[in-house]
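Note that the working numbering numbers the sequence shown so that position 108 is 108, with each residue one more than the last. Working notes for the structure below.
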Amino acid sequence: MKFNLPLKLGLCVILLFAAVIAVMVLWTPLRTRYYLWQFHSADIKKRVKGVSGLLSIGNKGQEALTKASKDGEEAVQLLIRYWDDVNQYITDEETSQNPLHIAANKGFINTAALLIEKGANINAKGTHNMRPLHEAIAGAHSKLAAFLISKGADVNAESIDGPPLHLAALKGHTETARLLLEKGARPNHRSEYLPTPLQFSLYGNHMETARLLIEKGANVNLQNEKAQTILHLELSEKNAKVSALLIELGADVSLKDGLGRTPLYVAVGESQIDIVEMLIKKGADVSAVNLKKKTPLHMAARVGSIEIAKLLIESGADINAQDDRYMTPMDNTGPKMKSFLRAKGAKTGGEIFEEYMYGDEDE
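Now the structure itself:
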């Protein structure tokens, strides 16, 4: 059967129209599948192209991206809003941050990788000079922190909380601290108003992190503007566990602070008998004097600790040591301590003066 020309043309038009309709119907799903294939690629450049492609499709592409993202809907919304300008700052009265800061704080590691590949500044300053690396550490996202470091994040960048190592030490993130140190973080760095990473780790009672810092070069005997070591400070806070660790790890038990006080003197003043005993075993001088020439025994008498006084005397402390006012431990204590000291042969400053001036009247 033969078809005339008009009929043939009509059939061609119908087929062409059907083909166009088919392409229109299938084009978006085909594009979506292609861009999703790119998004799931191991090649970060292809993944970036995949995101761009999916977002170019519109709502359908966004829905597909949301389902495919390992970081979840919140991360995808971040990409949707800021993909065209990944360094755009989001500010309000209290904060100023870009998408990478947010991704780092939330732990969106895949999103962070996409943003960085798209051109996000890995060392951009945010609120209080926080960098993305600070945000990752603050959010306890160790894998993301490691990723940022591998991508060139500045391990010594300053923020209000100090460099990243300070934050890792304060939070007790030992492995992150280890990585930071391997990449050049400074274990003894301190800002004008901040202590060292070691002190931060001790404030948080993170012993494992403290051990790591000391092993990697943190100076356990570093002194502040008042010449106090970390041991002086921890003893003043009655932190026996930390003090014991510092002594164990090599803290100098003889260093004096700006008032001439040794760690032993401070420990006696806080009535920490176990630490006093440990310090003495480590070689602390039981007769070391402060700027007012007071000894640890003077302090023991003042606080009324007979047990510590006994330990000091048994360790060789001078029971009649005189301070800059010629007062002995007997001169500034209560009745019970006086009885104890008297039984050990102690004298007051006045009695020593009389003996010096007049000698033994029976002679």
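Glycine is no exception: its CB is placed at the ideal position from the N, C-alpha and C atoms.
| field | Unbroken stretches of the alpha helix (DSSP H), 4 residues or longer, contained in the segment 30 to 75 | value | Segments of the alpha helix (DSSP H) lying fully in the segment 30 to 75: 44 to 57, 59 to 68.
| Where do the ends of the alpha helix (DSSP H) carrying D274 lie? | From DSSP, the alpha helix (DSSP H) with D274 extends over 273 to 281.
| request: Leaving out five residues on either side along the sequence, give the residues of the same chain with a beta carbon under 8 Å from the beta carbon of G119. | output: These residues qualify, in order along the chain: V86, N87.
| Are S236 and V266 closer than 9 Å when you measure CB to CB? | Against a cut-off of 9 Å, the Cβ pair of V266 and S236 comes out as a contact.
| For F108, which residues from the same chain have a beta carbon less than 7 Å from its beta carbon, with the 5 sequence-adjacent residues on both sides left out? | Residues of the same chain with a CB within less than 7 Å of the CB of F108, apart from the 5 flanking positions on each side, are D71, A75 in chain order.
| message | Spatial neighbours of D257 within its chain, please: C-beta separation below 7 Å, excluding the five flanking residues on both sides. | response | Exclusion of the five residues before and after D257 leaves K226, A227, Q228, H232 as the residues of its chain whose Cβ lies within less than 7 Å of its Cβ.
| the segment 51 to 62 touching the segment 119 to 134, judged by at least three CB pairs closer than 8 Å | Because the criterion of three Cβ pairs below 8 Å is not met, the segment 51 to 62 and the segment 119 to 134 do not touch.
| query | Q322 to I247, Cα distance in whole Å? | reply | In this structure, the straight-line span from the alpha carbon of Q322 to that of I247 is close to 29 Å.
| Opening and closing residue of the alpha helix (DSSP H) in which K143 lies | The continuous alpha helix (DSSP H) containing K143 extends over residues 142 to 150.
| query | When you compare only the Cα positions, how much space is there between R81 and T174? | reply | Whole-angstrom Cα-Cα distance: 35 Å.
| By Cβ distance, which residues of its chain are closer than 6 Å to N105, with the 5 residues on each side in sequence left out? | Apart from the 5 residues on each side of it in sequence, N105 sits with its Cβ closer than 6 Å to the Cβ of E135, G139 in its chain, given in chain order.
| said: Can you check which of these residues, I14, V276, A42, L65, is closest to P29 by C-alpha distance? | reply: Nearest of I14, V276, A42, L65 to P29, Cα basis: L65.
| task | Hey, could you find the ends of the alpha helix (DSSP H) S236 is sitting in? | result | Element bounds for S236: 230 to 236.
| said: Give the list of continuous alpha helix (DSSP H) stretches no shorter than 4 residues that lie fully inside the segment 325 to 353. | reply: DSSP runs (the alpha helix (DSSP H)) wholly in the segment 325 to 353: 335 to 343.
| task | Measuring alpha carbon to alpha carbon, tell me which of E277, L55, K183, E351 ends up nearest T32. | result | Nearest Cα to T32 within the set E277, L55, K183, E351: L55.
| said: Taking the straight line between their C-alpha atoms, what separation do you get for E307 and V276? | reply: Cα to Cα, the separation comes out at about 11 Å.
| At a Cβ threshold of 9 Å, is D252 touching chain C? | Here chain C cannot be found, since the structure has a single protein chain.
| query | In this structure, what does DSSP give as the bridge partners for I90? | reply | Beta-bridge analysis with DSSP links I90 to Q97.
| query | Does the Cβ-Cβ distance between L222 and T262 come in under 9 Å? | reply | No; because the gap between Cβ atoms is not below 9 Å, this pair is not in contact.
| said: Please state the DSSP three-state secondary structure of L255. | reply: Under the three-state reduction of DSSP output, L255 falls in the coil class, being neither helix nor strand.
| message | Only counting the same chain, and skipping five residues up and downstream in sequence, which positions put a Cβ closer than 8 Å to that of S41? | response | A distance below 8 Å between beta-carbons, with the five flanking residues on each side excluded, links S41 to the following residues of its chain, in chain order: R47, G50.
| query | Can you list, in chain order, the residues of its chain whose CB lies under 7 Å from that of K367, leaving out five sequence neighbours each side? | reply | Outside the displayed range of the chain (1 to 363) lies residue 367, so it cannot be described from this structure.
| Do you know how far the Cα of K241 is from the Cα of L202? | Rounded to the nearest angstrom, the two C-alpha atoms are 10 Å apart.
| Where do the ends of the alpha helix (DSSP H) carrying M299 lie? | M299 -> alpha helix (DSSP H) spans 296 to 303.
| Is the CB-CB distance between N110 and I160 below 9 Å? | No, the pair does not count as a contact, with Cβ atoms beyond the cut-off.
| task | To the nearest angstrom, report how far apart M357 and K347 are at their CA atoms. | result | For M357 and K347, the gap between their C-alpha atoms comes out near 15 Å.
| task | Over the uninterrupted alpha helix (DSSP H) stretch that includes N110, give me the two end residues. | result | Where N110 is concerned, the enclosing alpha helix (DSSP H) stretches over 109 to 118.
| Option nearest K67 by Cα separation, candidates Y89, F39, T91, D43 | Selected option, being the one with the closest Cα: F39.
| request: Under 8 Å Cβ to Cβ from L26, same chain only, skipping five residues before and after it: list those, please. | output: Caution applies to L26, whose pLDDT of 47 falls short of 50 and renders its modelled position unreliable; the model cannot decide the point.
| query | Between which two residues does the alpha helix (DSSP H) harbouring V266 extend? | reply | Boundaries of the alpha helix (DSSP H) harbouring V266: 263 to 269, taken from the DSSP string.
| field | T295 beta carbon less than 9 Å from that of D331 | value | Against a cut-off of 9 Å, the Cβ pair of T295 and D331 comes out as no contact.
| message | My output table needs one value for Q77: the three-state DSSP class, helix, strand or coil. | response | Reduced to three states, the DSSP call for Q77 is helix.
| said: Quick check on DSSP: helix, strand or coil for H206? | reply: Reduced to three states, the DSSP call for H206 is coil.
| field | Reference G126; option with closest CA among K143, D92, F147 | value | Taking G126 as reference, the option from K143, D92, F147 with the minimal CA-CA separation is D92.
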